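Each residue of the sequence shown is one higher than the one before, starting from 0 at the first, in numbering that gives the first Met the number 0.
Backbone N, C-alpha and C define an ideal beta-carbon position, used for all residues, glycine too.
Keep in mind it's a predicted model, so treat the numbers as computed, not measured.
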Amino acid sequence: MSSNYSYQMADGGPQEIVLGCIADANGIICMSSGVPRLSSVIANFLQYIDFESNSKNSYKGHERTFGYCIQKEVVNQVCFFSASTPDFPQRLSFEFLGALQNRFFSDPPKDLSYWNKNLPALIDEYNAKKTNVGEVNDKLMAVTQIMQDNLDALYLRGKSIQKIHSDANRANVATDNFVGSVENLRCSLCKSNLKVTICLICVAATIVFV
């Protein structure tokens, strides 16, 4: 049985769960996969699983898994698998496995026809969650960019205010220097006027006595 996925491992492609599988020591109970070659990957895993011990593992994509990430969890002698594209959140993959376990162990027991219908639907449900998370992330990135733009504007405004302050300080210094120069000139003129006045008094006195 298979779902309608047509994922290709390419840059910019969708990031999603492409396989869900339930198996026990006797073999595969049910599987939904949009990547047929992953069936051999699952079969290879089943050769080495200890069904007597509960465990949880995640495997990064490599050439033996055709680049897909594999998550598996053994619970009560049943193994639950998912395969996902590299950037699909691992947290969602294990949430998917948890949902798969809940359905498998709930009453009444599920037959193959149930899984033929509901396993692909469950995969679609968790892929939709990834899409929703992506949309939220896009909105957060947009808000973050707006905040960054505002901070940049404030920074530039701060630099402008700092420049105004700096120019004002330079103007104040220039004004102080100008006032000092005027005072010095006034003092010099006063001294010159005093000297001229004294000279005129001396000349006048000389004329009177003569």
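- By a beta-carbon distance limit of 8 Å, S38 contacts S32. Their separation comes to about 6 Å.
- Boundaries of the beta strand (DSSP E) around F79: 77-83.
- For I48, the secondary structure class from DSSP, reduced to helix, strand or coil, is coil.
- Nearest Cα to F80 within the set S57, K162, Y47: S57.
- Residue state for G33 is assigned as coil, using DSSP reduced to three classes.
- In this structure, the alpha-carbon of R36 lies about 15 Å from that of I16.
- When the beta-carbon positions are compared, C78 and F50 come within less than 8 Å of each other.
- Of all C-beta pairs linking the region 62-75 to the region 112-125, fewer than three are shorter than 8 Å, placing the two stretches out of contact.
- Secondary structure at E72: strand, using DSSP grouped into helix, strand and coil.
- The alpha carbon of L91 has as its nearest neighbour, out of S105, D166, Q70, the alpha carbon of Q70.
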